[in-house]
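Residue numbers (my numbering): 5 to 323. Just so it is clear, CB atoms sit at the ideal spot from N, CA and C, and this is done for glycine as well.
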Amino acid sequence: MDSASFAAGAFKQLGLKVFERGWLSSNNILFAPSRRAPATVVDTGYVSHAEQTLALLASALGPVGLERVINTHLHSDHVGGNSKTQAQWNCETLVPEASLDPARRWDESRLSYVDTGQRCPRFRVDSALAAGKSIVLADYPWQAWSAPGHDPDALLLFQADSGVMLSGDALWEQRLAIIFPALEGEEAAFGEALAALDLVEQLAPKIVIPGHGRVFTDVAGAVKSSRERLHHFLRHPERHLDYAERALLMFNMLEHGQRRQQDLVEWLSATPVFQRILARRGLASDAATSNALRVIDSLAAGGQLHREDEWVMLSGRLR
């Protein structure tokens with residue numbers, strides 16, 4: 005049996021459906037209602053895709069409606085549809101326990117939306133899911149595990165009987181998520197991300213549903229490549245700064261598609277996370293414009309972006 009058929013059989017048994025969304029919005033994992041649990045979605049994508057998220061969920065659920073949202077962590081690309089799902093279905097919303105208080109207070113010093121220059125409508129938070137606890141999805145128990153590194157409060161979910169894991173952004177098949185605490189000088193976060201990979205190895209999932217990208221079964225290969233990237237960043241932290249700048253700029257471009265270069269430079273210069281990276285490089289604030297142009301140049305040279313007169317645009321293959 006090939007890996008796709010193997011995964012499809014497991015998902016049918018577990019009562020789940022995966023909506024693979026791309027890199028602006030996280031994947032959405034929908035669990036059918038049962039006598040033991042309500043209809044539930046894990047992660048709701050970015051706000052600019054919220055109408056698409058509602059349409060996908062409504063089409064799959066029919067008249068049942070969504071009753072519960074669970075978030076693996078609170079980055080904008082995972083919770084941006086929460087507000088609209090609540091407005092549509094008044095569904096209960098659970099967040100990682102460590103994020104409960106700042107999310108309820110909408111504490112912008114703890115939440116990342118202003119810091120990254122990303123949009124996220126405020127949403128209601130009803131309760132928390134704690135690491136070590138089990139929650140029933142469809143007819144099966146899933147255990148929550150702490151998976152810091154990318155986000156210190158993040159969780160992954162694991163169904164031990166089937167070997168299916170919802171890894172959030174702790175593990176992708178081919179890429180590595182930004183280690184956000186390291187951008188603030190918390191180098192120990194690289195070790196936390198490595199420990200999350202150790203946890204994945206110990207749990208030994210057969211199938212991983214990542215926060216972004218396709219479902220995969222070569223878990224050992226994904227762990228190996230992620231571990232190599234993390235060790236590389238540990239040895240060369242400035243490379244992680246480069247990686248983060250490019251990824252955050254590309255996220256903004258995936259949202260907008262095209263922007264005037266001057267507007268993009270002003271956004272980069274004014275956004276706190278880029279200001280912090282600039283300081284980490286030992287550069288003064290008056291270097292913000294030249295640094296912004298350097299990041300744009302790097303992505304243009306790599307083919308991800310291109311320029312037309314005063315405009316910066318996504319390359320055609322990324323639109």
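If you follow the beta strand (DSSP E) that residue i is part of, which residue opens it and which one closes it?
| i | result |
| --- | --- |
| S138 | 138-141 |
| I74 | 72-74 |
| T57 | Unbroken run through T57 is the alpha helix (DSSP H), 54-65; no beta strand (DSSP E). |
| P145 | 144-150 |
| G172 | 168-172 |
| N295 | Careful: N295 lies outside any beta strand (DSSP E), inside the alpha helix (DSSP H) at 292-305. |
| N32 | 32-35 |
| K21 | 20-23 |
| W110 | W110 -> no beta strand (DSSP E), and no H or E assigned at all. |
| I213 | 211-214 |
| H77 | From DSSP, H77 is part of no beta strand (DSSP E); its letter is neither H nor E. |
| T120 | Element bounds for T120: not the beta strand (DSSP E) but the alpha helix (DSSP H), 117-120. |
| V99 | 96-100 |
| R311 | 309-312 |
| V45 | 44-46 |
Can you say whether residue i is buried or exposed, counting buried as having 16 or more other CB atoms within 10 angstroms of its CB?
| i | result |
| --- | --- |
| D47 | buried |
| R323 | Interpretation of R323 is limited by its pLDDT of 46, a score under 50 that renders its predicted location unreliable; the figure taken from the coordinates is listed afterwards. Classification of R323: exposed, given that the 10 Å Cβ count is below 16. |
| F10 | exposed |
| R25 | buried |
| D157 | buried |
| D119 | buried |
| Q163 | buried |
| A208 | exposed |
| E343 | Shown here, the chain extends from 5 to 323; a query on residue 343 therefore has no answer. |
| A91 | exposed |
| Q309 | The amino acid occupying residue 309 in the given sequence is Leu; Gln does not appear at that position. With 16 or more Cβ atoms within 10 Å of its Cβ, L309 is classed as buried. |
| V68 | exposed |
| H240 | exposed |
| L253 | buried |
| R263 | buried |
With a cut-off of 8 Å on the beta carbons, I'd call residue i and residue j a contact; round off their distance for me.
| i | j | result |
| --- | --- | --- |
| S213 | L170 | The amino acid at residue 213 is misidentified as Ser; the sequence shows Ile. Rounded, the Cβ-Cβ distance is 5 Å, consistent with contact. |
| A296 | V269 | 4 Å |
| E177 | A226 | 5 Å |
| S131 | L98 | 5 Å |
| W110 | R126 | 5 Å |
| W404 | G121 | Outside the modelled stretch of the chain, which goes from 5 to 323, sits residue 404, for which no answer is possible. |
| Q265 | R298 | At roughly 13 Å, the Cβ-Cβ gap does not stay under 8 Å, so Q265 and R298 are not in contact. |
| I74 | L133 | 6 Å |
Over what stretch of residues does the alpha helix (DSSP H) that includes residue i continue unbroken?
| i | result |
| --- | --- |
| R231 | 223-239 |
| A132 | Segment 131-133 is the beta strand (DSSP E) holding A132; no alpha helix (DSSP H) there. |
| Q163 | Q163 -> not in any alpha helix (DSSP H); beta strand (DSSP E) instead, spanning 159-163. |
| R128 | Taken as a continuous stretch (DSSP letters only), R128 belongs to no alpha helix (DSSP H), as it is neither H nor E. |
| V277 | 276-284 |
| W93 | 86-93 |
| E205 | 192-207 |
Beta-carbon within less than 7 Å of residue i's beta-carbon, same chain only, minus the 5 sequence neighbours each way: which residues are those?
| i | result |
| --- | --- |
| A142 | L18, G19, L20, F35, A36, S38, A41 |
| H342 | No statement about residue 342 is possible, as the shown extent of the chain runs from 5 to 323 and does not include it. |
| V140 | R40, A41 |
| D6 | none |
| P185 | P156, A193 |
| C124 | V51, S80, V83, G84, Y117 |
| I281 | L187, L245, A248, E249 |
| A304 | H310, R311 |
| S302 | R250 |
Kindly list the residues whose CB is nearer than 6 Å to the CB of residue i, restricted to its own chain and excluding five residues on each side of it in sequence; keep chain order.
| i | result |
| --- | --- |
| R72 | P42, T44, C95, E96 |
| G217 | W176, E177 |
| L60 | F23 |
| V223 | P209, V212 |
| D173 | H154, A181, G215 |
| G320 | none |
| L198 | L234 |
| S87 | P125, F127 |
| S103 | L78, D157 |
| S138 | P145, Q147 |
| G307 | S319 |
What does a CB cutoff of less than 8 Å around residue i pick up in its chain, not counting 5 residues either side in sequence?
| i | result |
| --- | --- |
| D165 | Y144 |
| H236 | R243 |
| F220 | S7, E177, I211, V212, P214, A226 |
| I33 | L20, K21, V22, F23, V45, V46, D47, L170, I213 |
Counting pairs of Cβ atoms below 8 Å between the stretch 202-220 and the stretch 237-250, do you hit three or more? no
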